[in-house]
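Asks:
Residue numbers (our numbering): 3 to 108.
Encoded structure:
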């Protein structure tokens, strides 16, 4: 049987664990949005610019949180040009909410 003291102790442990877990989840969620946005841009960008350049490849994408739900990203893109393979950085702005992320070039 639970005594009142044991019940309060169990409740206290549960509440402390829940608060600690919520704090970790919030800090991880921010990084996960940026990582998710980087993955989306990596998958979609080459297809979006294929009509403008030949044989585009996304070499790297880095996103940094600008404000709540908003990110500044840079994508390193390489493509074929008349003088050979060329690499450029593209500035991208992204947003993430609870359901999804979206992006567009600046």
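The C-beta atom is built at its ideal place from N, Cα and C for all residues, glycine as well.
Between residue 86 and residue 58, what straight-line distance do the alpha-carbon atoms span, to the nearest angstrom?
Replies: Translated into positions along the chain shown, residue 86 becomes position 84. Translated into positions along the chain shown, residue 58 becomes position 56. For residue 86 and residue 58, the distance between alpha carbons rounds to 13 Å.
Asks: As a quick exercise: from 54, 95, 49, pick the residue whose alpha carbon is nearest that of residue 68.
Replies: Taking the chain shown and counting its residues from 1, the one referred to as residue 68 is at position 66. Comparing Cα-Cα distances from residue 68 to each of 54, 95, 49, the minimum goes to 95.
Asks: For residue 75 and residue 99, I'd like the C-alpha separation in whole angstroms.
Replies: Taking the first residue of the chain shown as position 1, residue 75 is located at position 73. Taking the first residue of the chain shown as position 1, residue 99 is located at position 97. Rounded to whole angstroms, residue 75 to residue 99 spans 16 Å at the Cα level.
Asks: Can you list, in chain order, the residues of its chain whose CB lies under 8 Å from that of residue 93, leaving out five sequence neighbours each side?
Replies: For the purposes of this step, residue 93 is identified with residue 91 of the chain shown, where counting begins at 1. Hits under 8 Å: 74, 75, 76, 107, 108.
Asks: Determine the direct distance from the alpha carbon of residue 78 to that of residue 54, and round the result to whole angstroms.
Replies: The sequence position of residue 54 within the chain shown is 52, counting from 1. The sequence position of residue 78 within the chain shown is 76, counting from 1. The alpha-carbon atoms of residue 54 and residue 78 are separated by roughly 16 Å.
Asks: With a Cβ-Cβ cutoff of 8 Å, do residue 44 and residue 63 count as a contact?
Replies: The residue you call residue 44 lines up with position 42 of the chain shown. The residue you call residue 63 lines up with position 61 of the chain shown. Yes, the Cβ-Cβ distance between residue 44 and residue 63 is below 8 Å.
Asks: To the nearest angstrom, how far is it from the Cα of residue 49 to the Cα of residue 105?
Replies: For the purposes of this step, residue 49 is identified with residue 47 of the chain shown, where counting begins at 1. For the purposes of this step, residue 105 is identified with residue 103 of the chain shown, where counting begins at 1. Those two C-alpha atoms are separated by around 14 Å.
Asks: On the DSSP bridge assignment, give the partners of residue 97 in chain order.
Replies: By 1-based counting over the chain shown, the position of residue 97 is 95. Answer is 72, 104, bridged to residue 97.
Asks: Short of 7 Å in beta carbon distance, which residues of its chain neighbour residue 71, apart from the five on each side in sequence? Order them along the chain.
Replies: What you label residue 71 is simply residue 69 of the chain shown in a count that begins at 1. So the list reads 97, 98, 99, once near-sequence residues are dropped.
Asks: For residue 92, write down the residues that DSSP places opposite it in a beta bridge.
Replies: Taking the first residue of the chain shown as position 1, residue 92 is located at position 90. Bridge partners of residue 92: 77.
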